[in-house]
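Each residue of the sequence shown is one higher than the last, beginning at 61 in the working numbering. For reference, the structure discussed in these notes is given below.
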Amino acid sequence: MGQKNPLNEADEQALSAYLDGELDASAAAALEQRLANEPQLMQWLTHMQVADDILPQALVDLEGEIPGHISSLLHNPPSREPMTQRFMKNSWWRPALAASLFAGVGLTIVLLSSTTSTVNLSQSTTSALSQRLEHEPSAPRWLELPNNQRLRIELSFPTNTQTHCREYILADQRQSWRGIACRRKDQWITEFIVTQPAVDTSSAYQLAGPGDAAAVDTFVVEIGGGEVLHLEQEAALIANHWR
61 MGQKNPLNEA
71 DEQALSAYLD
81 GELDASAAAA
91 LEQRLANEPQ
101 LMQWLTHMQV
111 ADDILPQALV
121 DLEGEIPGHI
131 SSLLHNPPSR
141 EPMTQRFMKN
151 SWWRPALAAS
161 LFAGVGLTIV
171 LLSSTTSTVN
181 LSQSTTSALS
191 QRLEHEPSAP
201 RWLELPNNQR
211 LRIELSFPTN
221 TQTHCREYIL
231 ADQRQSWRGI
241 ACRRKDQWIT
251 EFIVTQPAVD
261 TSSAYQLAGP
271 GDAAAVDTFV
281 VEIGGGEVLH
291 LEQEAALIAN
301 HWR
């Protein structure tokens, strides 16, 4: 799903430097404080890391299969920007290119079916998860669920079948799960989920590991039908029961 870049230049450069480990301790701490309090900034950091994680592996996996126009874009990006380095780090460009790579070679979500088939959530967890996804906004905070589990809702987006899906992290003391749930007949049904190591739910944010980020992003590219929802759009849908 292509996205317009909502960041100003300073924020974009700060996020890129943060991902590359180029910020000093005080600057990193200041940015982390903002990430804990600005959901849209956190969503964009996650989006940028997904693109960073998925592109290198995509190039390895698709060697010899990348369409000519995409290959040309990789090696000869447009030069309208005054600084090539800034363009190559531009946060809207990387996820758009990842989407083009998958669409260009016809990659489908069938390749991920073995990942999702071994994860089964309990009925109480499924019910509580559906209720939270129905009523809670996306935010970098953990919500309490039954069975000593915690939930963080990452973002929401429309699909190509005129419904909506939400990305979330579910965690207990032993492990965590990153999933995509979509609204079907007034319920939220998890349609994709991967198991992850346990996460520190006292932290204000939690990034996916490289393999998980690539898997989740592939699924989102496959079913996505538009931009990630802004918080105002999401709030309006929640108030209108996602209609």
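C-beta: ideal position from N, C-alpha, C; glycine also. A quick note: this is a predicted structure, and the numbers were derived from the prediction, not measured.
Can you give me the C-alpha to C-alpha distance between residue i and residue j, rounded to a whole angstrom?
i, j, result
"M102", "Q235", "22 Å"
"E69", "F279", "29 Å"
"L193", "P257", "23 Å"
"F147", "E72", "A caution first: F147 carries a pLDDT of 28, below 50, which makes its placement in the model unreliable, though a value can still be read off. Using only the alpha carbons, I get a separation of about 11 Å."
"Q293", "I213", "15 Å"
"T255", "L211", "14 Å"
"E98", "K245", "32 Å"
"R303", "G286", "16 Å"
"S76", "A89", "15 Å"
"G284", "R243", "13 Å"
"N300", "A96", "27 Å"
"Q233", "V259", "8 Å"
"G81", "T219", "34 Å"
In the DSSP assignment, what residue or residues form a beta bridge with residue i?
i, result
"V254", "R238"
"G284", "T219"
"H224", "P218"
"R244", "Q247"
"R212", "I229"
"E98", "Looking at the DSSP assignment, E98 forms no beta bridge with any residue, so it has no partner."
"L203", "L211"
Apart from the five residues on each side of it in sequence, which residues of its chain come closer than 7 Å, Cβ to Cβ, to residue i?
i, result
"Q222", "none"
"R94", "L101"
"E196", "L203, I213"
"G239", "Y228, L230, T250, F252, I253"
"A85", "none"
Among the residues of its own chain, which have a CB less than 8 Å from the CB of residue i, if the five just before and after it don't count?
i, result
"A74", "L83, A87, L91"
"L205", "T185, A188, L189, R192, L211, L230"
"A295", "P197"
Would a C-beta distance cut-off of 9 Å place residue i and residue j closer than the cut-off?
i, j, result
"Q209", "A241", "no"
"F217", "L289", "yes"
"R226", "L215", "yes"
"T186", "T250", "yes"
"S224", "L297", "Per the sequence shown, the amino acid found at residue 224 is His instead of Ser. Cβ atoms of H224 and L297: closer than 9 Å."
"S190", "N207", "no"
"W248", "L181", "no"
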